[in-house]
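Numbering (our numbering), first residue to last: 447 to 839.
Pasting the structure below:
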């Protein structure tokens, strides 16, 4: 690799890391905070929570990588243009491959890494995370560990306790069971306990209210009552594996006896084609980023920042691919659309690069963005003037 290519590769790589790490940290933090109830609800240790947070990370990385690459390429090339480096390269008679080769090399490496994470690391991480959550909430006592707080144990089943005592003893039990559409059951008991197997809730000295859909209510007092939890705890202790949790080999050759596959075979087909197309996005994004920002431009030229145009194209392409992948569940014809999007985008970008043409945003889109930006500036200026005038008075 030539000295200039190494220089460009180093600058784009450094900017890629600068763009990737903060965005990845922000998205990862938001995803982790959504699962903070693993600690607050079930009393798990901070170590278990840290392990679960680590298992979330592989599902975020493939999504963020292409956009970080777009930011790195457009920002680096724009800076080189502002510093007249691109002008000097063109004036020296260097081929455009001087710019294209190192950037596409970096994009290819990122694509291979994305394929590895998306198809090998992420399925295993999701499997571990689902199993952790299933085991954590398998025990009813863990699910209602907080006192004087309603907890949803299952769909249509809610539990509250006034106090927890040693030996799995509970005080002040309230159970609302709406799972059967034929009637609603509400249990009150002064005390109770969950057996060692976690399959039965034994309540003492209480009453049960039975309400039918027509509004009739019957009340039964009891000295002791056993509430069966076996079906619920068995299902909660088993992690349900979905298409996104399977590795690539399973998607190519699904087990016909797999429970989830027999219910939703279309989702496995959609997930397979998504896996086979998502990993190439870094190369596609790099191509149209080069077509947008890879030429020398005059500083006096009024134009939208290349990063804005590149990110607009990137979000549009990513959204279209996401939409097509979701539609495959019901319409297999979208498989061609899913593969056509990156192929057509790459061909168009290569044509613009080979013809030394600039890939720009359509004029009507650019005009609308410019008009919106001008209106925003005018409003900010007017608000600043009003606040300044009020202060002066």
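Glycine residues also receive a C-beta, built at the ideal position from the N, C-alpha and C atoms.
Computed from a predicted structure; not experimentally measured.
Restricting attention to alpha helix (DSSP H) runs no shorter than 4 residues, the segment 470–539 encloses them at 483–488, 492–528 and 531–537, ordered along the chain.
The three-state reading of DSSP puts residue 769 in helix, counting H, G and I together. Relative to residue 688, the option among 562, 568, 460 and 635 whose CA is nearest is 568. Contact check for residue 767 and residue 723: beta-carbon distance about 7 Å, within the 8 Å limit, so the pair qualifies. In the DSSP assignment, residue 664 falls within the unbroken beta strand (DSSP E) covering 663–674. Under the three-state reduction of DSSP output, residue 602 falls in the coil class, being neither helix nor strand. For residue 719, the three-state secondary structure derived from DSSP is helix. Residue burial annotation: residue 663 is exposed, with fewer than 16 other C-beta atoms found within 10 angstroms of its C-beta.
Cα atoms of residue 701 and residue 707: separation of roughly 7 Å, rounded to the nearest angstrom. Taking C-beta separations shorter than 6 Å and ignoring five residues to either side along the sequence, the partners of residue 602 in its chain run 624 and 625, following chain order. For residue 547, there is no enclosing beta strand (DSSP E); the residue is part of the alpha helix (DSSP H) that begins and ends at 543–562. 736 is the residue among 736, 765 and 787 whose C-alpha sits nearest the C-alpha of residue 801.
The way I'd put it, the segment 529–545 does touch the segment 448–457; three or more beta-carbon pairs between them come closer than 8 Å.
In this model, residue 469 and residue 705 are separated by some 37 Å (Cα to Cα). Spanning the alpha carbons of residue 715 and residue 459 requires a straight line of approximately 35 Å. Residue pairing by DSSP puts residue 637 in a beta bridge opposite 617 and 650. In its chain, beyond the 5 residues on either side, no residue has a beta carbon closer than 7 Å to the beta carbon of residue 789.
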